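Residue 28 is where the sequence shown starts when you use this note's numbering, and the numbers rise one by one after that. Backbone N, C-alpha and C fix where the C-beta goes; we use that ideal spot for every residue, glycine too. Predicted model only: the values in this text are computed from it and were never measured. Worksheet: the structure to be examined is printed underneath.
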Amino acid sequence: MCWRRKEKKVEEMSLNSVQKLYHIFNAKWYDLFRILWTRIVEFNLEDDFIKELNRNIKLNSKIVELGCGTGINIERMLSLGKPFSSYIGVDFSKDMQEIARHKYGKEKNVKFIYGDLKKVKIPTKYDLVISTWVMSHLEKPSLVIKRFYKNLKPEGTMLLIFMTKPKWFISFWLILLTPLFACSYVNIDEIKKMPGEKKIKTYAFDLATFLIIKK
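Right, dumping it as structure tokens:
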């Protein structure tokens, strides 16, 4: 029981550190940082992600986003001009989600839920799960992925982008930065053990990984 309490305390500390981080980096700074990050790291990745969004969004699609942030991916989806049934954005940062609500809360098929991805309950099964860069902030990302995969509809899809350990000459310079941004590398070997048909593509000397899971 003691080790469980310690483990829970570590997870709570991690969650609190991420919440504090996003409280400091509000939308103004976050969106500016995202532009820089996209140019340096995402480059071709963003194009590939948007192509997969376009391929997987259908008229009757029910979409769930794990870590909706300020609504960047809603913007991407709406820019495609493809109608979908519903979108639920989950985030544990009230500051970030409040900005997303301000931007897109009036969209009739868009809903936001505040909560921890390890505990939050989605009241319906879904066709598409998306998540960009959030898994790198979680203590046990594989457990979260398994949790949402379970309620994915047959032939449903998960589109996940996260940080993985890059080549040594990149990793060397990021030793101090990853703790600063309350993130860590996702263990890709652990992810490979996940159920479902998987497609994995890496970018920026393996720093960024795009995982597609089909049920």
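Can you find the residues in the same chain that come closer than 7 Å, C-beta to C-beta, to residue i, ignoring five residues on each side of it along the sequence?
i: MET40; result: Low local confidence applies: a pLDDT of 40 at MET40 is under 50, so the model's placement there is unreliable, with the coordinate-based value given in what follows. Result list for MET40: empty, nothing under 7 Å.
i: PRO222; result: TYR176
Is residue i helix, strand or coil when you go by DSSP?
i: PHE111; result: coil
i: ALA231; result: coil
i: ASP122; result: helix
i: LEU144; result: coil
i: VAL161; result: coil
i: ILE101; result: helix
i: ILE239; result: strand
Only counting the same chain, and skipping five residues up and downstream in sequence, which positions put a Cβ closer than 6 Å to that of residue i?
i: MET185; result: VAL156, ILE240
i: PHE119; result: ASP143
i: VAL161; result: LEU93, GLY94
Going by other Cβ atoms of all chains shown within 10 Å of its Cβ, with 16 needed for buried, is residue i buried or exposed?
i: GLY142; result: exposed
i: HIS164; result: buried
i: LYS226; result: exposed
i: THR151; result: exposed
i: VAL111; result: One detail in the question is off: residue 111 reads as Phe in this sequence, not Val. With 16 or more Cβ atoms within 10 Å of its Cβ, PHE111 is classed as buried.
Any Cβ of chain C within less than 9 Å of the Cβ of residue i?
i: ALA235; result: The chain inventory of the structure shown lacks chain C, comprising one protein chain alone.
From which residue to which residue does the alpha helix (DSSP H) around residue i run?
i: GLU79; result: 71 to 83
i: SER198; result: 195 to 201
i: GLU134; result: It is not in any alpha helix (DSSP H) - GLU134 carries neither H nor E in the DSSP assignment.
i: ILE218; result: 215 to 219
List the endpoints of the continuous beta strand (DSSP E) containing residue i.
i: GLU92; result: 89 to 93
i: ILE188; result: 179 to 190
Considering Cα atoms alone, identify which of the options is closest to residue i.
i: SER211; options: TRP200, ASN178, GLU166, THR236; result: GLU166
i: VAL171; options: GLY132, ILE218, ALA127, ASN136; result: ILE218
i: PRO193; options: ALA231, THR159, GLY183; result: ALA231
i: GLU73; options: ILE90, GLU102, VAL91; result: GLU102
i: ASP154; options: MET123, PHE139, LYS85; result: LYS85
i: LYS145; options: PRO168, LYS138, HIS129, PHE139; result: PRO168
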